[in-house]
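Have a look at the structure below before the remarks.
In the numbering used here, the protein residues as written are 10 to 243.
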């Protein structure tokens, strides 16, 4: 366990029970720039203060920390306590919303091990880093589908959108959109190849209408809402 300065208070930072990293990784989180900046901004709501922080998962892309999911214990002046989760990302973090124009429009989601995934049985929108191209531990799986992961092939659903809102703040990152091009008459054969796995990560083809009952991922539901808003205004 280590102590970090959040606002005007020192708060213990420790590993959550489900965290798979070691103590050294928790110390890296304490020095992770988005985390330190969040702590500096934190003032807390009226009558509410942060009592404890736990590291739930850490996202690494190409050996570099790019996101951390935390759980914060909040305590009111009256003594009530509640836990709230939030995800902090660096400025290259991006969610990649891949839509497939089938008879029943669908999106490609991914499931797999922590840190990027909500849980093993809940797929979510692909999430990684974005500079000149999208990169993630499962980028090769996406490329096998014929997806062009270069920036020129994508457009922004929103350059910045807040996810995991709540009393301890919200984190903003990019939402990108990439629509697959499916040849006429190939829709059924394309859908039949799912789920696709490399042993660690699995790609799922999920009808847009089924996404709200398939996952509780805030990031995924935010991507769906941004996409539906764009379609409605087209």
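Backbone N, C-alpha and C fix where the C-beta goes; we use that ideal spot for every residue, glycine too. Bear in mind the structure is a predicted one, so any value in this text is a computation, not a measurement.
Practice prompt. Return yes when the Cβ of residue 82 is within less than 9 angstroms of the Cβ of residue 61, no when it is not.
Written response: As a first step, residue 61 must be located in the chain shown, where it is residue number 52. As a first step, residue 82 must be located in the chain shown, where it is residue number 73. In contact: residue 61 and residue 82 (Cβ atoms closer than 9 angstroms).
(request) Could you tell me which of 186, 21 and 214 sits nearest to residue 197, measuring between CA atoms? (result) For the purposes of this step, residue 197 is taken as the residue at position 188 of the chain shown. Residue 197 has its Cα closest to that of 214, out of 186, 21 and 214.
Taking C-alpha atoms, which residue in 118, 242 and 132 lies nearest to residue 187?
-> Locating residue 187 in the chain shown gives position 178, counting from the first residue. Of 118, 242 and 132, the residue nearest in Cα terms is 118.
- Query: Which residues does DSSP pair with residue 32 in a beta bridge?
  - Reply: In the chain shown, counting from the first residue as 1, residue 32 sits at position 23. DSSP, once it has assigned bridges, lists no residue as partnering residue 32.
| field | Contact under 9 angstroms by Cβ, residue 207 with residue 150 | value | Numbered from 1 along the chain shown, position 198 holds the residue referred to as residue 207. Numbered from 1 along the chain shown, position 141 holds the residue referred to as residue 150. Yes, the pair counts as a contact, with Cβ atoms nearer than the cut-off.
*Status (buried if at least 16 other CB within 10 Å, exposed otherwise) for residue 19*: On the chain shown, residue 19 is found 10 positions in, with the first residue counted as 1. Around the beta-carbon of residue 19, fewer than 16 other beta-carbon atoms lie within 10 Å, marking it exposed.
| task | Specify the secondary structure class of residue 81 as computed by DSSP and reduced to three states. | result | The sequence position of residue 81 within the chain shown is 72, counting from 1. Reduced to three states, the DSSP call for residue 81 is strand.
Check the C-beta distance from residue 11 over to residue 39 and give it rounded, since I have them as a contact under 8 angstroms. Along the chain shown, one-based indexing puts residue 11 at 2. Along the chain shown, one-based indexing puts residue 39 at 30. Contact between residue 11 and residue 39 holds: CB atoms are separated by about 6 angstroms, below the 8 angstroms threshold.
query = Beta-carbon separation of residue 47 and residue 233 under 9 angstroms?
reply = If you number the chain shown from 1, residue 47 lands on position 38. If you number the chain shown from 1, residue 233 lands on position 224. Contact: no.
Residue 239 versus 194, 167 and 110, residue with shortest Cα-Cα distance: Within the chain shown, residue 239 is the residue found at index 230, counting from 1. Selected option, being the one with the closest Cα: 167.
Is residue 24 helix, strand or coil by DSSP? Numbered from its first residue, the chain shown carries residue 24 at position 15. DSSP places residue 24 in strand when its eight states are reduced to three.
Among residues of its own chain, excluding the 5 on either side of residue 35, which ones have a beta-carbon nearer than 6 angstroms to its beta-carbon?
As a first step, residue 35 is located in the chain shown; it is residue number 26 there, counting from the start. 24 and 64.
*Count the other CB atoms, across all protein chains shown, that sit within 10 Å of the CB of residue 116; report buried if there are 16 or more and exposed otherwise.*
Reading the chain shown from its first residue, position 107 is the one you call residue 116. With 16 or more other Cβ atoms within 10 Å, it is buried.
* Asked: For the region 123-165, which segments carrying the beta strand (DSSP E) assignment without a break, of at least 3 residues, lie completely within its bounds, in sequence order?
  -> 136-139
Notebook entry, point to check: What's the gap between the Cα of residue 13 and the Cα of residue 37?
Noted result: In the chain shown, residue 13 corresponds to position 4, counting from 1. In the chain shown, residue 37 corresponds to position 28, counting from 1. Roughly 12 angstroms separates the two Cα atoms.
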